[in-house]
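Working notes, beginning with the structure itself.
There are 2 protein chains.
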Amino acid sequence: MSLVRVQFFSISLDGFGTGDVQSRDAPFGHAGERLHEWMFATRSWRERVGEPGGTGGIDDAFARLHDVGIGAEIMGANKFGPPGWHRDPEWKGWWGPNPPFHTPVFVLTHHPRPPIELEGGTTFHFVEASPAEALETAREAADGRDVRIGGGATVIRDFLAARLVDHLHVVVVPILLGRGVRLWDGLEGLERDYEVEAVSSPSGVTHLTFTRRTV
Amino acid sequence: MSLVRVQFFSISLDGFGTGDVQSRDAPFGHAGERLHEWMFATRSWRERVGEPGGTGGIDDAFARLHDVGIGAEIMGANKFGPPGWHRDPEWKGWWGPNPPFHTPVFVLTHHPRPPIELEGGTTFHFVEASPAEALETAREAADGRDVRIGGGATVIRDFLAARLVDHLHVVVVPILLGRGVRLWDGLEGLERDYEVEAVSSPSGVTHLTFTRRTV
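Respectively, the protein sequence lines represent chains H and C. Residue numbers for the first sequence, in the working numbering: 1 to 215. Residue numbers for the second sequence, in the working numbering: 1001 to 1215.
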């Protein structure tokens, strides 16, 4: 069965998935790279960028699951580019000619444009749709594999609120951002639908997994 | 040296230290007892209420530290009683004739009244004071031992913002309350002054400790 998964979405202790203000020079606003340092330290990441070394424990294990079994991603407009990217016809995302997705990616936007096909199997599609509609499209493209909800915080929150997420993996980083975009707002009682596990890593982060109960 | 400590203040994943609306029947509002179930399951708690059994692991270890080395507590008006308690001359707190503090307790309030001396060494003093002023008074009463900041969330936040806390122990419970009083608001960058550790328990909660760096 094709699942809807969120893989290692990182938030601060106070629940922000990104800082502010987001811009071309600061995709995560004042958070900088602090939400993702745990990931940069893993062997998985080092291999991806062609560097030796890195940690091989729990952070690495979770990092490696990012792509396993994924057939498509859905992301929000704010993940695809800085504010106003839709006015730049040349903008093709942050990730260069060979983005790390290697599947169809559906970008939720109020400014649809033609698809962009890049190297390595990544094609960006631009859709104006509700979470449920976007999921139907992405599922078709995923061809039996899972669909990853890639973020940002607002998009994940919308999919959670619509009860569309089967597996949620959140990484809580022990910093206080104080401002930005919150993940958890408006999700009172979410835990009732899930088995929740928490496991802390020697790196200082805590991995939270929400696995939907089979009723 | 006398330290200022917060011991096992429990918050939800979305950062609320209490739900709403607080009342005489619901001291933690709609959160009920869900923020403290991890504690009720420990041997430490069971011993306190005269029951057998209970867990003896990490939750119990942290629970036992609540009183160790403490010579006084400072609490907010909202911990001492439900909204409007100051209009009830008979209100003596939630805890009955023998409260679990066994030290002087300083209640921050805009409605001071004479001290209340109860069994077991607990005396409630009512003070209208800034965090720093209240701490000076409590330190004197603690006579070389530590001062516990007992909550609620607003009071802990105020003491953190004033940089008065040496050791902060927070228990993150895997539920989403959605509303209530937040602990972390306005504390951007707090982690810079502390060594932060996170450790998850088999019970599902995560214990966070912030230990002030000795500069």
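The beta-carbon is built from N, C-alpha and C at its ideal position, and this holds for glycine as well. Predicted model, so just to flag it, every value in this text is computed and none were measured.
Rounded Cβ spacing between residue i and residue j (contact assumed at less than 8 Å)
| i | j | result |
| --- | --- | --- |
| A129 (chain H) | A72 (chain H) | The Cβ separation is near 14 Å, so there is no contact. |
| V1127 (chain C) | P1112 (chain C) | 6 Å |
| G1029 (chain C) | V1021 (chain C) | 5 Å |
| H66 (chain H) | F8 (chain H) | 6 Å |
| G1056 (chain C) | R1043 (chain C) | 5 Å |
Same chain, Cβ closer than 6 Å to residue i, neighbours up to 5 away in sequence not counted
| i | result |
| --- | --- |
| A153 (chain H) | G17, V181, L183 |
| A1198 (chain C) | T1206, L1208 |
| I1149 (chain C) | V1006, I1074, I1156, F1159 |
| A1138 (chain C) | A1072, I1074, F1106, V1147 |
| S23 (chain H) | P82 |
| I116 (chain H) | K92, F124 |
| N98 (chain H) | E119, G120 |
| E51 (chain H) | none |
| G96 (chain H) | none |
| T238 (chain H) | Since the displayed chain H opens at 1 and closes at 215, residue 238 (chain H) lies outside it and no answer follows. |
DSSP three-state assignment for residue i, whether helix, strand or coil
| i | result |
| --- | --- |
| G29 (chain H) | helix |
| F1159 (chain C) | helix |
| M1001 (chain C) | coil |
| P131 (chain H) | helix |
| D1060 (chain C) | helix |
| H1169 (chain C) | strand |
| F1009 (chain C) | strand |
| R192 (chain H) | helix |
| F101 (chain H) | coil |
| G1017 (chain C) | strand |
| R24 (chain H) | coil |
| E117 (chain H) | strand |
| T1055 (chain C) | strand |
| H1036 (chain C) | coil |
| H1207 (chain C) | strand |
| T1122 (chain C) | coil |
| S1044 (chain C) | helix |
| R1182 (chain C) | strand |
| E90 (chain H) | coil |
| R213 (chain H) | coil |
| R148 (chain H) | strand |
Residues of its chain near residue i, where Cβ-Cβ distance is below 7 Å and the 5 sequence neighbours each way are ignored
| i | result |
| --- | --- |
| G1076 (chain C) | L1108, G1151, G1152, T1154, V1155 |
| I175 (chain H) | S12, L13, R34 |
| R145 (chain H) | S2, G69, I70, G71 |
| D166 (chain H) | L3, V4, R5, R212 |
| A1134 (chain C) | I1074, F1106, L1108, V1127 |
| H36 (chain H) | S10 |
CB of residue i within 9 Å of CB of residue j, strictly
| i | j | result |
| --- | --- | --- |
| E188 (chain H) | G1178 (chain C) | yes |
| F106 (chain H) | V4 (chain H) | no |
| L1118 (chain C) | K1079 (chain C) | no |
| S1200 (chain C) | A1041 (chain C) | no |
| L1164 (chain C) | A1132 (chain C) | yes |
| G1015 (chain C) | G15 (chain H) | yes |
| F1228 (chain C) | G1121 (chain C) | As shown, chain C starts at 1001 and ends at 1215. That puts residue 1228 (chain C) outside it, with no answer to give. |
| G1054 (chain C) | D1060 (chain C) | yes |
| A161 (chain H) | G186 (chain H) | yes |
Option nearest residue i by Cα separation, candidates the options
| i | options | result |
| --- | --- | --- |
| S1010 (chain C) | C:T1214, C:L1208, C:F1106, C:R1213 | C:L1208 |
| W45 (chain H) | H:A63, H:V171, H:I58 | H:A63 |
| P1083 (chain C) | C:H1110, C:E1047, C:I1058 | C:H1110 |
| G27 (chain H) | H:G54, H:A161, H:W85 | It is worth fixing the name first, because residue 27 (chain H) is Pro in this sequence and not Gly. The shortest Cα separation from P27 (chain H) among H:G54, H:A161, H:W85 belongs to H:W85. |
| D1025 (chain C) | C:A1134, C:W1094, C:E1136, C:P1099 | C:W1094 |
| V171 (chain H) | H:P115, H:I58, H:P97, H:P114 | H:I58 |
| W1038 (chain C) | C:P1089, C:D1193, C:V1173 | C:V1173 |
| P89 (chain H) | H:P99, H:E51, H:P114, H:G96 | H:P114 |
Cβ neighbours of residue i in the same chain (closer than 8 Å, five flanking residues each side left out)
| i | result |
| --- | --- |
| E1191 (chain C) | F1210 |
| D1143 (chain C) | G1071 |
is_contact[residue i, chain D] using C-beta, thresh 9 Å
| i | result |
| --- | --- |
| W91 (chain H) | No chain D appears in the structure shown, which is made up of the protein chains H and C. |
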